[in-house]
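Numbered per the working numbering, the sequence shown spans residues 35 to 301.
Even glycine gets a Cβ: it sits at the ideal position worked out from N, Cα and C.
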Amino acid sequence: MPCIGLGLWKIAREHTADMVCSAVAEGYRHLDSAADYGNEAEVGEGLRRALSSGLVDRDSLWVTSKLWNTYHRPEHVRAACERTLKDLGLSELDLYLIHFPIALKYVDFNVRYPPEWTADPSAETPEMLPDPVPLAETWAAMEELVKAGLVKEIGVCNYNTGLLHDLMAYSTIKPAMLQIESHPYLTQERLLRVAAQYDIAVTASSPLGALSYVELEMADTGESVLEQLPVQAAARRLNKTAAQVVLRWGLQRSTAVIPKTSQVGRL
35 MPCIGLGLWK IAREHTADMV CSAVAEGYRH LDSAADYGNE AEVGEGLRRA
85 LSSGLVDRDS LWVTSKLWNT YHRPEHVRAA CERTLKDLGL SELDLYLIHF
135 PIALKYVDFN VRYPPEWTAD PSAETPEMLP DPVPLAETWA AMEELVKAGL
185 VKEIGVCNYN TGLLHDLMAY STIKPAMLQI ESHPYLTQER LLRVAAQYDI
235 AVTASSPLGA LSYVELEMAD TGESVLEQLP VQAAARRLNK TAAQVVLRWG
285 LQRSTAVIPK TSQVGRL
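What follows is the structure, encoded as C-alpha cells:
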C-alpha cells in the first residue's frame, strides 16, 4: 500500500470526480473512501476517467473503503461491500475497514443512501439507534468477503487497545490495518505500540490535525498543528511547507498518511 494517500472525506460531490482524476494524474496511487462520505459514485467516475485515459492501470491503484455502522449485522455486510464496489466501478477492494466499533440499526439502501449517523436526519430530534451486534460477528462477515474475493485485505478504524486485543483473540483472518486519528496533538503512542506488537499496519487519518472536526464541535479552531512554532521553524529550516513537515513526521513514525484537500492546487 502506498504510504501517502488522498482522503476523500468532505469533498463535495460535484468536485469529487475531477479531484480523483487530478490526484491520479499528480501521482497519487492510494485513495481512501467510505460509504458515509457520500461521494463514492463520484469517486468511481474519477477512477473510470483515470483508468480509461491510460493515466494508470488498476493494479497500480490502492483503493480503501469502509463498512458503515448501520451494516454491522452479518447479513448486511456483503451487500454493503457490493454497493460500494458498484459505486466505485470496481470488482475488488484492496482494503475494507470497519469504520467504527459502533453498530446502529439497519437502514435499507432504498430508504437512505449514503448512510448517516441518525436513523432519520429529517426528524425534529434525530436519534442514533444502537443495535446490539457483537463486533466478532461483524468481523466474521468481513472475513467472508476475503474468501469471496471481494476484498484483498480487511481491517478496522477507531479501535482502542482493548478492542484490538479482543479482535486478535477471535479473528481467523487477522486485521491488516488500523486507521486512527493521529497527528502531533494526538500521537497515540500506546495504540501504535500495540498495533506493532500484532504486526498491524497503521494509517493516520487527519494527519495534519483535527480542524476538520471543528464544525462537528469536536475540535477548536485554535488547535492548528500547522501554526505551531516548532512546525513553522522546521518548515523554514528545511525550506518546506508546514504540511510537508507534519506529513513527514507521520511517515517517520511508520504510519501511512491520508491528508485530504478540496483544492486541486494543494494535491
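For residue 172, the three-state DSSP class (helix, strand or coil) | If you number the sequence shown from 1, residue 172 lands on position 138. It is helical.
Just how far apart, CA to CA, sit residue 222 and residue 284?
-> Residue 222 sits at position 188 when you count from the first residue of the sequence shown. Residue 284 sits at position 250 when you count from the first residue of the sequence shown. Between residue 222 and residue 284, the C-alpha separation is close to 11 angstroms.
Could you tell me the distance, in whole angstroms, from the CA atom of residue 147 to the CA atom of residue 121?
-> Mapped onto the sequence shown, residue 147 falls at position 113. Mapped onto the sequence shown, residue 121 falls at position 87. Whole-angstrom Cα-Cα distance: 11 angstroms.
Return the Cβ separation of residue 291 and residue 209 in integer angstroms, given the expectation that the two are a contact with Cβ distance under 8 angstroms.
-> Taking the sequence shown and counting its residues from 1, the one referred to as residue 291 is at position 257. Taking the sequence shown and counting its residues from 1, the one referred to as residue 209 is at position 175. Not confirmed; about 19 angstroms, so no contact.
Could you tell me which residues DSSP pairs with residue 237 in its beta bridges?
-> Here residue 237 refers to the residue found at position 203 of the sequence shown. Paired residue(s): 213, 290.
CA-CA distance, residue 239 and residue 185?
-> The residue you call residue 239 lines up with position 205 of the sequence shown. The residue you call residue 185 lines up with position 151 of the sequence shown. Taking the straight line joining both Cα atoms gives about 21 angstroms.
Taking the C-alpha atoms as reference points, what is the distance between residue 49 and residue 98?
-> In the sequence shown, the residue the question calls residue 49 occupies position 15. In the sequence shown, the residue the question calls residue 98 occupies position 64. Answer to the nearest angstrom: the Cα atoms are 19 angstroms apart.
Check residue 189 in the structure and name its three-state DSSP category.
-> Taking the sequence shown and counting its residues from 1, the one referred to as residue 189 is at position 155. DSSP places residue 189 in strand when its eight states are reduced to three.
Quickly, what does DSSP pair residue 96 with across the bridge? List them, please.
-> Translated into positions along the sequence shown, residue 96 becomes position 62. Residue 96 pairs with 64.
Starting from residue 132, follow its DSSP beta bridges and name the residues at the other end.
-> Against the sequence shown, residue 132 aligns to sequence position 98. Per DSSP, 101, 190.
Can you check DSSP and say which residues form a bridge with residue 127?
-> Within the sequence shown, residue 127 is the residue found at index 93, counting from 1. Its beta-bridge partners are 185.
Cβ-Cβ distance between residue 72 and residue 47 below 8 angstroms | As a first step, residue 72 must be located in the sequence shown, where it is residue number 38. As a first step, residue 47 must be located in the sequence shown, where it is residue number 13. Cβ atoms of residue 72 and residue 47: closer than 8 angstroms.
Sheet register partners of residue 38 (DSSP bridge) | Within the sequence shown, the letter at position 4 stands for residue 38. Residue 38 is bridged to 291.
Indicate the three-state DSSP secondary structure (helix, strand or coil) for residue 164 in the structure shown.
-> By 1-based counting over the sequence shown, the position of residue 164 is 130. Three-state DSSP puts residue 164 in a strand.
C-alpha distance - residue 75 paired with residue 215, whole-angstrom precision = Working through the sequence shown from its first residue, we reach residue 75 at position 41. Working through the sequence shown from its first residue, we reach residue 215 at position 181. One C-alpha to the other measures close to 25 angstroms.
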